[in-house]
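By my numbering, the letter at position 227 of the sequence shown is numbered 229, and the numbering carries on one by one without gaps.
From the three backbone atoms N, C-alpha and C, an ideal C-beta is built for every residue, glycine too.
What follows is a set of notes on a single structure, which appears directly below.
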Amino acid sequence: VLVTGPTGSGKSTTLAAMLDKVNSERNSHIVTIEDPVEFLHSHKKCIVNQRELHADTHSFANALRSVLRQDPDVVLIGEMRDLETVEAALTIAETGHLTFATLHTNSTVQTINRIIDVFPAHQQSQVRAQLSFVLEGILCQTLLPRLNHAGRVLAMEIMVPNPAIRNLIREDKVHQLYSIMQTGQSKYGMQTFNQCLATLFFTKKISKDTAIATSSNKDELEQMIIRGAGLITEAGSSDTGTRRTRR
Numbered sequence: 003v004l005v006t007g008p009t010g011s012g013k014s015t016t017l018a019a020m021l022d023k024v025n026s027e028r029n030s031h032i033v034t035i036e037d038p039v040e041f042l043h044s045h046k047k048c049i050v051n052q053r054e055l056h057a058d059t060h061s062f063a064n065a066l067r068s069v070l071r072q073d074p075d076v077v078l079i080g081e082m083r084d085l086e087t088v089e090a091a092l093t094i095a096e097t098g099h100l101t102f103a104t105l106h107t108n109s110t111v112q113t114i115n116r117i118i119d120v121f122p123a124h125q126q127s128q129v130r131a132q133l134s135f136v137l138e139g140i141l142c143q144t145l146l147p148r149l150n151h152a153g154r155v156l157a158m159e160i161m162v163p164n165p166a167i168r169n170l171i172r173e174d175k176v177h178q179l180y181s182i183m184q185t186g187q188s189k190y191g192m193q194t195f196n197q198c199l200a201t202l203f204f205t206k207k208i209s210k211d212t213a214i215a216t217s218s219n220k221d222e223l224e225q226m227i228i229r230g231a232g233l234i235t236e237a238g239s240s241d242t243g244t245r246r247t248r249r
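Right under this line is the structure:
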């Protein structure tokens, strides 16, 4: 499970919430490797061992090489910074361990491409197959100023791999993921950033200017807002007509 986004987007908080849910509901051994440790997790149903870079280990790669000897069920990797760390994370996930990690990427497609591009060309086909098998979800997030300026609100792109998505990753057709995410909202809980931004705008949580400025596909978002405003107007007219009929 990958949580991605720019610095200050709340990735550590999201990961901490996920770990706390696991800690509250499962009998497991959790090992985290972080730089630095930002949230301290007490033992609930799980045993939680938190390791800090430089204090407990020299690098993420060094820690990951020895982590399997500690018999973990869940592994959290604070950041996948280099080939060794990405390779170790894929191996840990492939051996059946629930693995959480972060990347500084801004979209699902960019995240998958970043992981693949870390490897030399002759390995990329194998890594695509490996990633398509172990990937359980990608959450790309950012924090935006609220409309009333009282704090910030979370905007998130969510990708949950289904058989079609796994096949596209394996066949190096990642550019086609976006259309599947657009239509996977109701069945799989997926959403694109633009779908999330449009929802935040229509629920009056962010301004239109903020939504447009944040979007990487501004024309699509403009059209979504126009269509959404039209649907709201039609619904309002229908409600008014119904009330008049009743009178």
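field: Spatially closest choice to F135 from E40, P163 and K175, by CA coordinates
entry: As a working mapping, residue 135 is identified with position 133 in the sequence shown. Scanning E40, P163 and K175 for the CA closest to the CA of F135 turns up P163.
field: As assigned by DSSP and simplified to three states, the class of H124
entry: The count along the sequence shown starts at 1 and reaches residue 124 at position 122. Helix, per DSSP.
- request: Return yes when the Cβ of V88 is within less than 8 Å of the Cβ of V120, no when it is not.
  value: Taking the sequence shown and counting its residues from 1, one reaches residue 120 at position 118. Taking the sequence shown and counting its residues from 1, one reaches residue 88 at position 86. Taking 8 Å as the Cβ cut-off, V120 and V88 qualify as a contacting pair.
query: Mind checking if A200 is an interface residue toward chain C, Cβ cutoff 8 Å exclusive?
result: The structure shown contains no chain C; it holds only a single protein chain.
query: Taking Cβ positions, are L141 and V155 nearer each other than 8 Å?
result: Start at 1 with the first residue of the sequence shown, and residue 141 comes out as number 139. Start at 1 with the first residue of the sequence shown, and residue 155 comes out as number 153. Contact: no.
- request: Using the Cα positions of N29 and N51, report the straight-line distance between them to the nearest angstrom.
  value: Taking the first residue of the sequence shown as position 1, residue 29 is located at position 27. Taking the first residue of the sequence shown as position 1, residue 51 is located at position 49. Each residue's alpha carbon lies about 14 Å from the other.
- request: May I ask you to list the residues that DSSP assigns as paired with I35?
  value: Taking the sequence shown and counting its residues from 1, the one referred to as residue 35 is at position 33. DSSP output for I35 lists R53 and I79 as bridge partner(s).
query: Is it true that the CB of E138 sits closer than 8 Å to the CB of T104?
result: Reading the sequence shown from its first residue, position 102 is the one you call residue 104. Reading the sequence shown from its first residue, position 136 is the one you call residue 138. Contact: no.
message: Quick check: L78 and T34, are their CB atoms within less than 8 Å of each other?
response: For this step, residue 78 is matched to residue 76 along the sequence shown. For this step, residue 34 is matched to residue 32 along the sequence shown. Yes, they are a contact pair.
- prompt: Three-state secondary structure (DSSP) at E159?
  reply: For the purposes of this step, residue 159 is identified with residue 157 of the sequence shown, where counting begins at 1. In the structure shown, E159 sits in a strand (DSSP, three-state: E or B).
- prompt: Under a three-way DSSP split, which group does V5 fall into?
  reply: Here residue 5 refers to the residue found at position 3 of the sequence shown. The three-state reading of DSSP puts V5 in strand, counting E and B together.
field: Secondary structure of P165, DSSP reduced to three states
entry: As a position in the sequence shown, residue 165 is number 163, starting the count at 1. Collapsing the DSSP output to three states places P165 in a helix.
- prompt: Excluding sequence positions up to five away, which residues of its chain have a Cβ less than 8 Å from the Cβ of P8?
  reply: As a working mapping, residue 8 is identified with position 6 in the sequence shown. If we look at P8 and ignore the five residues flanking it on each side, its Cβ neighbours are H106, N108 and T144.
- prompt: Taking buried to mean at least 16 other C-beta atoms within 10 Å of its own C-beta, is Q193 buried or exposed?
  reply: For the purposes of this step, residue 193 is identified with residue 191 of the sequence shown, where counting begins at 1. Buried: at least 16 other Cβ atoms inside 10 Å.
field: Nearest residue (CA-CA) to H45, options S14, Q187, L55 and N25
entry: Residue mapping note: residue 45 aligns to position 43 of the sequence shown, counting from 1. Of all alpha-carbon atoms in S14, Q187, L55 and N25, the one lying nearest the alpha-carbon of H45 is that of N25.
- prompt: Ends of the beta strand (DSSP E) at A152?
  reply: Position 150 of the sequence shown, counted from the start, is the residue given in the question as residue 152. DSSP places A152 outside any beta strand (DSSP E), giving it a letter other than H or E.
query: Taking C-beta to C-beta, are S209 and L149 nearer than 8 Å?
result: As a first step, residue 209 is located in the sequence shown; it is residue number 207 there, counting from the start. As a first step, residue 149 is located in the sequence shown; it is residue number 147 there, counting from the start. In this structure, L149 lies closer than 8 Å to S209 by Cβ.
First and last residue of the uninterrupted beta strand (DSSP E) at C142: In the sequence shown, counting from the first residue as 1, residue 142 sits at position 140. Note, C142: beta strand (DSSP E), I140 to P147.
task: Please determine if the segment 158 to 172 and the segment 185 to 200 are in contact, where contact requires at least 3 C-beta pairs separated by less than 8 Å.
output: In short, these stretches touch, since the Cβ pair count reaches three.
- prompt: What residue does the beta strand (DSSP E) around L202 start on, and which one ends it?
  reply: Taking the sequence shown and counting its residues from 1, the one referred to as residue 202 is at position 200. Under the DSSP assignment, L202 falls outside any beta strand (DSSP E), being part of the alpha helix (DSSP H) whose first and last residues are F195 to F204.
- request: Report buried or exposed for R229, applying the criterion of at least 16 other Cβ atoms within 10 angstroms of its Cβ.
  value: Position 227 of the sequence shown holds residue 229. With fewer than 16 other beta carbons inside 10 angstroms of its own, R229 counts as exposed.
- prompt: Which two residues bound the contiguous alpha helix (DSSP H) that contains L273?
  reply: Since the displayed the chain opens at 3 and closes at 249, residue 273 lies outside it and no answer follows.
- prompt: Quick one: what's got a C-beta closer than 7 Å to R130's C-beta in the same chain, skipping five residues either side?
  reply: Numbered from 1 along the sequence shown, position 128 holds the residue referred to as residue 130. Within its own chain, the residues whose Cβ lies closer than 7 Å to the Cβ of R130, once the five positions on either side in sequence are excluded, are I118, I171, R172 and D174, listed in chain order.
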